[in-house]
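First residue of the sequence shown: 0, per numbering that gives the first Met the number 0; consecutive thereafter.
Ideal Cβ placement from N, Cα and C applies to all residues, glycine included.
Every value quoted in this text rests on a predicted model; they were computed, and no experiment measured them.
Single-structure report; data block below.
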Amino acid sequence: MLRIQIAAVADLLEEKKQHLEANIPTRLYCEVEQSQIERAIQNILVNAIRYSPSGELIRISLSETHGTIRGEIENTGVRVPDDAIPHLFEAFYRADTSRNRNTGGTGLGLYIVRKVMEMHRANYGISNINNGVLFWFELPCKQPVDNSI
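Spelled out as structure tokens, the structure:
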């Protein structure tokens, strides 16, 4: 599912001459509303790309521990003002008009992410890191039943 979303943003990555580094296990199982999770991941990816300068690196990783899938999408470049972080998931919130002048958007992308994550009872957040921004989520998953005897 994540590989499909990466392919969907390939043109935007190429347009901005950005590089994507993905650390995705070949098999992860999680019972989710697939179309909703895909939309949320695409919104996060598009934001990471839009708010990174040309030529920068976007990192994506997934891991599973004790029935929880943790996803991280990290970009480099423009950090979010600290006082804006608590409001990023609000509908129509725009952190800074100068950040958004060249990137477009309606202010609904992260609000949709919030609603999807809440629907799946996932923890999620955004934080400034070294030279960029990290979006993370922890999605509780039902494990498949092993019917082998």
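Burial state of residue i, where buried means 16 or more other Cβ atoms lie within 10 Å
| i | result |
| --- | --- |
| E32 | exposed |
| F88 | buried |
| H65 | exposed |
| E55 | buried |
| L11 | exposed |
| T25 | exposed |
| A47 | buried |
Backbone secondary structure at residue i - three-state DSSP
| i | result |
| --- | --- |
| S51 | coil |
| N99 | Unreliable placement is indicated for N99, whose pLDDT of 48 sits below 50; no coordinate value is reported for it. |
| P85 | helix |
| G66 | coil |
| R58 | strand |
| E37 | helix |
Segment limits, alpha helix (DSSP H) that includes residue i
| i | result |
| --- | --- |
| A21 | It is not in any alpha helix (DSSP H) - A21 instead sits in the beta strand (DSSP E) that spans H18 to N22. |
| E117 | G108 to M118 |
| E13 | A9 to E14 |
C-alpha distance - residue i paired with residue j, whole-angstrom precision
| i | j | result |
| --- | --- | --- |
| R49 | E137 | 24 Å |
| L107 | Y92 | 8 Å |
| K141 | K15 | 38 Å |
| N154 | D81 | Any answer about residue 154 is impossible in this case: the structure gives the chain only from 0 up to 148. |
| S115 | C29 | Residue identity differs from the one stated: residue 115 is Val in this sequence, not Ser. Using only the alpha carbons, I get a separation of about 15 Å. |
| N130 | N22 | 20 Å |
| E151 | I111 | Residue numbering for the chain in the displayed model covers 0 to 148; residue 151 lies beyond these limits and cannot be assessed. |
| V79 | E20 | 22 Å |
| L61 | L27 | 9 Å |
| H18 | R120 | 31 Å |
| E63 | W135 | 13 Å |
Endpoints, beta strand (DSSP E) assigned at residue i
| i | result |
| --- | --- |
| E137 | G131 to P139 |
| Y92 | Careful: Y92 lies outside any beta strand (DSSP E) and carries neither H nor E. |
| Y123 | N122 to I128 |
Determine, using beta-carbon pairs with one atom in the region 69–83 and one in the region 24–39, whether at least three such pairs fall under 8 Å. no
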